[in-house]
Each structure stands twice: as C-alpha cells, then as structure tokens.
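Q: Dropping the structure in here first, questions after.
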Amino acid sequence: MTENSFKGKTVVLTAGPTYEAIDPVRFIGNHSTGKMGYALAECFAAHGANVYVVSGPVNLQARHQSIHITHITSADEMYAAVKQLAPEADIIVYAAAVADYKPKVVADKKIKKTGDDLTIELVKNVDIAAALGKEKKEGQFSVGFALETHNESANAREKLQKKNLDMIVLNSLNDPGAGFKHDTNKITIIEKDATTAFELKQKTEVAQDIVNLIWERLNG
106 MTENSFKGKT VVLTAGPTYE AIDPVRFIGN HSTGKMGYAL AECFAAHGAN VYVVSGPVNL
166 QARHQSIHIT HITSADEMYA AVKQLAPEAD IIVYAAAVAD YKPKVVADKK IKKTGDDLTI
226 ELVKNVDIAA ALGKEKKEGQ FSVGFALETH NESANAREKL QKKNLDMIVL NSLNDPGAGF
286 KHDTNKITII EKDATTAFEL KQKTEVAQDI VNLIWERLNG
C-alpha cells in the first residue's frame, strides 16, 4: 500500500464505549478505551482516506487532519450519527463497544439509597451493525468486531452472517494482552471463506494489518 491507497475513499468508523444513563449521575458502560478504533482511523487517514469517526466517551484525540470526529454518549446517539453518515461511506468499520442494553426508564433525579436492593429493568439497544447491514449498498465494505470469552470462532461467524459483514475482527479476553485497557491486541480476522490469525502486536500494528487486508480484498 501507499499513502494514496485509499485516496477518494470515505471511511465511517465507530470507536470507544457507549454510556447508557441510569440517572443524571450513574450509567451502564464498559472498559473500552477507543484505542483500537482511533488507531484504525489514523491508519486509514495516513493512506489517503477521508475518515468520519463516531466516538463514544474516550480520552483520545485524532491527529490527522482528514479525521472528523462526532462525539456521542449513548448507543441511540451513535446509531443516529452512523445512519446519517453511512450512505456516503465506501467502508464502514464497527469498532465501538456498544452497550447491549440500556435502562428502560431513566430517572430524572439521582436515585437515593432507600433500601438494600435496587432493581433496574433493561431493554435491548439497537444493534447498529445489524440494522445498517440491512441497508448496505452495493459495493460497500463493512467490518465488525467481536470480543468473546467462549465459543469465539462460532460466535464471530454467526455475527458475520447476521450482520451482513464482509469481515469480522475477533479478539478474546482469554488472550493475555488482548481486549480492553491494553495497548496491544491479538486478533483473528474471519471472512466467509477465509480465516487469518495474527500474533500479539501493538494496536497501531494491528490497525495496519486490518487496513492491509481490507485493501487486498478491495483490490484483489
């Protein structure tokens, strides 16, 4: 690849966690730092792409001038932002760790301690990749992520099919140095007819591996 390999291409990418409000003080979230998503954004931009990142709450900043950030908090906000950007995208990468559930009712005031137990009813969030997979336009290339703890390959392949993805990046919390809160990651990229495994690497190097394979598939 060269610095112009993705010139003229528009990449839409999600990154980081989502926070689902319980009340004005508390939320449901996860440990995603957004490092993998932002590393991918920088890599695409370095190779000529115009990159639109829809980012959950992270302590990161994009360096490349071709990266445009939309900051969101909740899964619903992320879905609305990506849905608006998706029609113009050549490549969509769903790297965010979107909360699967949200509170059915959000309290308008801080919930006070009134007993030993507190029950919060949860409802499913929209599955952003699956919903937009149904609207995927011809020629659009989409990539998902799967962070698993068991039945890793089977679960990832099911997501690949259900969400109408071209490839899915699998990483396991069982692998030391992979997943949340690390600067490293160990991935396996699963496609319909191919599986490619990589060693533990810095997330910047992992991003390059992913972008390289996407380029190969688009130009093979």
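Under the working numbering, the very last position in the sequence shown is 325; numbers go up by exactly one each time.
Where a beta carbon is used, it is the ideal one built from N, C-alpha and C, also for glycine.
What's the gap between the Cα of Asn109 and the Cα of His152?
A: Those two C-alpha atoms are separated by around 5 Å.
Q: CA-CA distance, Thr293 and Tyr184?
A: Cα to Cα, the separation comes out at about 26 Å.
Q: Give the straight-line distance between the Cα atoms of Tyr206 and Glu321, rounded to the nearest whole angstrom.
A: So the alpha carbons of these two residues sit roughly 36 Å apart.
Q: At which residues does the alpha helix (DSSP H) containing Thr309 begin and terminate?
A: Thr309 -> alpha helix (DSSP H) spans Lys308 to Asn324.
Q: Out of Ala236, Leu227 and Gly142, which has the shortest C-alpha to C-alpha gap to Gln266?
A: When each option's Cα is compared against that of Gln266, the closest is Ala236.
Q: Can you tell me whether Met272 is helix, strand or coil according to DSSP?
A: Met272: strand per DSSP, three-state reduction.
Q: Tell me which residues share the same chain as Leu323 and place their Cβ nearer than 7 Å to its Cβ, disregarding the 5 neighbours each side in the sequence.
A: Phe246, listed in sequence order.
Q: Please state whether DSSP places Tyr124 in a helix, a strand or coil.
A: In the structure shown, Tyr124 sits in coil (DSSP, three-state: anything other than H, G, I, E or B).
Q: Under 8 Å by Cβ, that's how I've got Val159 and Thr175 pegged, so tell me the actual separation to the nearest angstrom.
A: Between Thr175 and Val159 the Cβ distance is about 5 Å, and since that is below 8 Å, they are a contact.
Q: May I ask you to report which of helix, strand or coil DSSP gives Leu165?
A: The answer is coil: DSSP assigns Leu165 none of H, G, I, E or B.
Q: Could you tell me if Val248 is buried or exposed, where buried requires 16 or more neighbouring beta carbons within 10 angstroms of its beta carbon?
A: By the 10 Å Cβ count, Val248 comes out buried.
Q: Between which two residues does the beta strand (DSSP E) harbouring Ile197 extend?
A: Element bounds for Ile197: Ile196 to Tyr199.
Q: Taking all protein chains shown into account, do 16 or more other C-beta atoms lie within 10 angstroms of the C-beta of Gln166, making it buried, or fewer, making it exposed?
A: Gln166 should be labelled exposed.
Q: Based on the DSSP output, what are the partners of Phe250 in its beta bridges?
A: Per DSSP, Val274.
Q: First and last residue of the beta strand (DSSP E) that includes Leu145?
A: Segment Lys140 to Ala151 is the alpha helix (DSSP H) holding Leu145; no beta strand (DSSP E) there.
Q: I believe Thr254 touches Asn230 by the beta-carbon criterion, under 8 Å. Please report the beta-carbon distance rounded to the nearest angstrom.
A: That pair is no contact at about 20 Å.
Q: Pick helix, strand or coil for Ser171, following the three-state DSSP scheme.
A: Note: Ser171 maps to coil in three-state DSSP.
Q: Give a yes or no on whether the C-beta atoms belonging to Val187 and Ala154 are separated by under 9 Å.
A: Cβ atoms of Val187 and Ala154: not closer than 9 Å.
Q: Would you identify the three-state DSSP class for Glu193, choosing helix, strand or coil?
A: Helix, per DSSP.
Q: With DSSP as the reference, please indicate the residues paired to Ser160 in a beta bridge.
A: BP columns for Ser160 point to Ala120 and His176.
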